[in-house]
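S.K.: Protein chains in written order, with our numbering: chain A, 1013 to 1345; chain B, 1013 to 1345.
Structure incoming, see below.
Protein chains: 2
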Amino acid sequence: MRPRYTAFTVGLGSLTRLHHRRFLTAPNPSEDFDFILYVANKTKSINKALNDFVPLCTHPLLHKIREAMRYSLLSNGKRVRPVLCLAACELVGGRESVAMPTACAVEMIHASSLIQDDLPCMDDDNFRRGKPTNHKVFGENIAVLAADALIALAVKETATPVSSGVPPERHLRAILELARAVGTEGLVGGQAADLAGEGISFENGIGLDHLEFIHIHKTAVLLEAAVVTGAIIGGGTDEEIERLRRYARCVGLMFQVVDDVLDVTKSSEELGKTAGKDLIAGKLTYPKVMGVEKSREYAKSLNKEARGYLHGFESDKVAPLLFFADYIVNRQN
Amino acid sequence: MRPRYTAFTVGLGSLTRLHHRRFLTAPNPSEDFDFILYVANKTKSINKALNDFVPLCTHPLLHKIREAMRYSLLSNGKRVRPVLCLAACELVGGRESVAMPTACAVEMIHASSLIQDDLPCMDDDNFRRGKPTNHKVFGENIAVLAADALIALAVKETATPVSSGVPPERHLRAILELARAVGTEGLVGGQAADLAGEGISFENGIGLDHLEFIHIHKTAVLLEAAVVTGAIIGGGTDEEIERLRRYARCVGLMFQVVDDVLDVTKSSEELGKTAGKDLIAGKLTYPKVMGVEKSREYAKSLNKEARGYLHGFESDKVAPLLFFADYIVNRQN
Chain A
1013 MRPRYTAFTV
1023 GLGSLTRLHH
1033 RRFLTAPNPS
1043 EDFDFILYVA
1053 NKTKSINKAL
1063 NDFVPLCTHP
1073 LLHKIREAMR
1083 YSLLSNGKRV
1093 RPVLCLAACE
1103 LVGGRESVAM
1113 PTACAVEMIH
1123 ASSLIQDDLP
1133 CMDDDNFRRG
1143 KPTNHKVFGE
1153 NIAVLAADAL
1163 IALAVKETAT
1173 PVSSGVPPER
1183 HLRAILELAR
1193 AVGTEGLVGG
1203 QAADLAGEGI
1213 SFENGIGLDH
1223 LEFIHIHKTA
1233 VLLEAAVVTG
1243 AIIGGGTDEE
1253 IERLRRYARC
1263 VGLMFQVVDD
1273 VLDVTKSSEE
1283 LGKTAGKDLI
1293 AGKLTYPKVM
1303 GVEKSREYAK
1313 SLNKEARGYL
1323 HGFESDKVAP
1333 LLFFADYIVN
1343 RQN
Chain B
1013 MRPRYTAFTV
1023 GLGSLTRLHH
1033 RRFLTAPNPS
1043 EDFDFILYVA
1053 NKTKSINKAL
1063 NDFVPLCTHP
1073 LLHKIREAMR
1083 YSLLSNGKRV
1093 RPVLCLAACE
1103 LVGGRESVAM
1113 PTACAVEMIH
1123 ASSLIQDDLP
1133 CMDDDNFRRG
1143 KPTNHKVFGE
1153 NIAVLAADAL
1163 IALAVKETAT
1173 PVSSGVPPER
1183 HLRAILELAR
1193 AVGTEGLVGG
1203 QAADLAGEGI
1213 SFENGIGLDH
1223 LEFIHIHKTA
1233 VLLEAAVVTG
1243 AIIGGGTDEE
1253 IERLRRYARC
1263 VGLMFQVVDD
1273 VLDVTKSSEE
1283 LGKTAGKDLI
1293 AGKLTYPKVM
1303 GVEKSREYAK
1313 SLNKEARGYL
1323 HGFESDKVAP
1333 LLFFADYIVN
1343 RQN
């Protein structure tokens, strides 16, 4: 059984019909591409840029809020989204430096959403990545403000013209993608749907549509925004941008399918977080709907589809996104 | 005694030196301008546009969040900020329609900030404009999300190109102004400063600098953004934009001075809200620092200064902003 993920294909029908067939053959990247080194280098640049975008503030009235922003933004994150943003920019021929503010903006939005998800009125979590959550350290009021300030800063950095002459139209398009990823079409919509589904179990009528709505909005839309804004700022053609959008949608959904499978097949020790959480919470998951094996097959088919959308890009530049998709589907924690 | 409001003049020194002298004489608008009718007409257009920007949503998972956004956005607000935005646009020669999305964006940001200010972790208010606050009706989690969604929508509307061909550079400039008004340089900074000052009374060392920092960030910056974005989208020259910025800064501060005076001189009945609240809360206010009479004089001098910055604009178009400043300084509730 293959889930319907119709929400992914809305508005992209014609593109699909035109290109789907030739996308099914994935390009073969150079065997000697060192993905781990690539990610490590990008992460280093991103961490430096993030630190520069939110410097310490000595003003006595702003010191605490700035500290709260830095606490969540500069924590030990995997930087998946900004790495994808930079990779997409370079894939379409842009330089890393032109997309760096946008890559950092995507990470700011991600950090903001994590602060909010952890709030007492949301998931009420005390720890995140092994550290006390933002509101535990700075208080709930400052945490709420820090989440806002990170969104505002993300918008500011994406709206600031870069010296290398990216046309203002492209900045506006990138901002529209980010605004969509934050609002009811993105993170807010996903969290609202998650709250609307609380207390409703699969047996009680919550369906696959609801599950995919949450995943698409909470996970896939921001991954998509990362890739698409990178391609926009990097100077990609409309066709390139839409192909990368479809790649990102597959990867975003795949990410969640794999997450669900790991939750039921791995121990807490292997995961580095509580295993079986979804099962205990009675959450609808892919293994619950289609079984573990079919879920794995589904993840593999999404990976194949994602790789297909990369066909036609220069083969020496495509390696990061190909390896990234493989990494997601094969990850063990 | 005239308070130092140095934060207002930073970076504008040269403009001041060049133009201050001739700005001291205010223009005389036509006597027959009907300010009340002007505001009523603008408010009607704005309310219609706001309603169109956030239509009801029939999607079962998004219905509640959209309702929450509409509840606060379409409530009985005075629409001061969007009216100012449209007036500034028309003053520099733009049509109302080109600035309408930006005017609505400013109101969305204002509504978002009110939802947040009322949260249990902030001011913990149960009523706003005579109605239960957003979190009382929809729950704290939906209120937090509605506030985010309004910010995201504000950014989206300002980033969306208008058909009448406002250059994308101007959209970007407007977005930068709004991002500044939301973040640590604006509403977030003001609220953080307000929280940092809690429990500290004037006698204990909280000073006029602190008071003005809060007012500038919580009130004046968004009024300024309203006027400045209107002038940017309307096609104003850099000099016109900066003169209107200074006008708005004066009006923003004047608004707060008058508010403080009313709090100690009027009854609750006259104000339509609890009088003497600031006094009871031990808050630092202008009457406390300089007495009621000097505060009134200060407000008048700010009005004179504000009117001065409007000198040189076409006299038949300047009436709304002149009358608006008079309205603020003379208001009785």
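By construction, the Cβ of each residue, glycine as well, lies at the ideal position given by its N, Cα and C atoms.
Please read these numbers as outputs of a predicted model, since none were measured by experiment.
1) Cα separation between L1220 (chain B) and A1208 (chain B)?
2) How about K1168 (chain B): is its C-beta nearer than 8 Å to some C-beta of chain A?
3) Identify, in the order they occur along the chain, each residue of the same chain with its Cβ nearer than 8 Å to the Cβ of I1163 (chain A), setting aside the five sequence neighbours on each side.
4) Kindly indicate if chain B contains any beta-carbon less than 8 Å away from that of G1201 (chain A).
5) List, in order along the chain, the chain B residues whose C-beta lies closer than 9 Å to that of Q1344 (chain A)?
6) With a threshold of 16 other CB atoms inside 10 Å of the CB of I1048 (chain B), please say whether the residue is buried or exposed.
7) Chain A beta carbons: is any one of them nearer than 8 Å to that of P1332 (chain B)?
8) Jot down the residue ranges of each uninterrupted alpha helix (DSSP H) in the segment 1232-1277 of chain A, minimum 4 residues, whole runs only, in chain order.
9) Could you tell me the boundaries of the alpha helix (DSSP H) in which Q1344 (chain A) lies?
10) Could you check if M1013 (chain A) is buried or exposed, using at least 16 other CB atoms within 10 Å of its CB as the buried criterion?
11) Residues in its own chain within less than 8 Å of F1267 (chain A) by CB, not counting five upstream and five downstream?
12) Quick check on DSSP: helix, strand or coil for F1045 (chain A)?
13) If contacts are defined as beta-carbon pairs under 8 Å, then M1112 (chain A) and A1161 (chain A) qualify, I think. What distance do you get, rounded to the angstrom?
14) Nearest-angstrom Cα distance between Y1050 (chain A) and P1332 (chain A)?
15) Using 8 Å as the threshold, is the C-beta distance between A1158 (chain A) and F1150 (chain A) below it?
16) Can you give the beta carbon distance from N1153 (chain A) to T1145 (chain A), rounded, assuming they're within the 8 Å contact cut?
17) For a test of the three-state rule: what should DSSP assign to R1082 (chain B), helix, strand or coil?
18) Looking at V1239 (chain A): is its Cβ nearer than 8 Å to the Cβ of L1265 (chain A)?
19) Is the beta carbon of G1248 (chain A) sitting closer than 8 Å to the one on V1104 (chain A)?
20) On the CB-based measure, 16 or more other CB atoms within 10 Å of its CB, does S1176 (chain B) come out buried or exposed?
21) So which residues of chain B does F1225 (chain A) contact, with C-beta pairs closer than 7 Å?
22) Can you list, in chain order, the stretches of the alpha helix (DSSP H) that have 4 or more residues and sit fully within the segment 1140-1176 of chain B?
23) Can a CB atom of chain A be found closer than 8 Å to the CB of E1152 (chain B)?
24) Among B:A1191, B:L1184 and B:I1244, which residue has its Cα nearest to the Cα of H1229 (chain B)?
25) Verify whether the separation of the beta carbon atoms of A1318 (chain A) and C1262 (chain A) is less than 8 Å.
26) State buried or exposed for K1054 (chain A), treating a residue as buried only when at least 16 other CB atoms are found within 10 Å of its CB.
27) Can you give me, in chain order, the residues of the segment 1126-1151 of chain A that have a beta carbon less than 8 Å from any beta carbon in chain B?
28) Which chain B residues sit within Cβ distance under 9 Å of G1105 (chain A)?
29) Cβ of E1181 (chain A) less than 8 Å from any chain B Cβ?
30) Just tell me which of A:P1132, A:P1299, A:I1244 and A:C1133 has its CA closest to the CA of P1180 (chain A).
31) Exposed or buried, G1242 (chain A), counting other C-beta atoms within 10 Å across all chains shown (16 or more means buried)?
32) Run through DSSP, which three-state label would L1073 (chain A) get?
33) Using only the alpha-carbon positions, how far apart do E1305 (chain B) and P1299 (chain B) sit?
34) Would N1345 (chain A) and L1274 (chain A) qualify as a contact pair, given that the criterion is a beta-carbon distance under 8 Å?
35) Looking only at its own chain, which residues have a Cβ that is under 6 Å from the Cβ of A1061 (chain A), when we skip the five neighbours before and after it?
36) Looking at chain B, is there any beta carbon in it that lies within less than 8 Å of the beta carbon of L1207 (chain A)?
M.R.: Per the coordinate set shown:
1) 15 Å
2) yes
3) M1120, I1121, S1124 and V1194
4) yes
5) Ordered by position in chain B, no residue passes the 9 Å Cβ test against Q1344 (chain A), which lies about 32 Å from the chain.
6) exposed
7) no
8) 1233-1245 and 1250-1277
9) Q1344 (chain A) -> no alpha helix (DSSP H), and no H or E assigned at all.
10) The predicted model places M1013 (chain A) with a pLDDT of 36, which falls under 50 and marks its position as unreliable; any figure quoted below should be read in that light. When all chains shown are included, M1013 (chain A) counts as exposed.
11) T1231, A1232, L1235 and I1340
12) coil
13) Actually they do not touch by this definition, with Cβ atoms about 20 Å apart.
14) 8 Å
15) yes
16) Contact flag wrong, Cβ pair sits at about 14 Å.
17) helix
18) no
19) yes
20) exposed
21) L1073
22) 1146-1150 and 1152-1171
23) yes
24) B:A1191
25) yes
26) buried
27) Q1128, L1131, C1133, M1134 and G1151
28) Within 9 Å Cβ-Cβ: nothing; G1105 (chain A) doesn't reach chain B, min ~21 Å.
29) yes
30) A:I1244
31) buried
32) coil
33) 8 Å
34) yes
35) M1112 and C1116
36) yes
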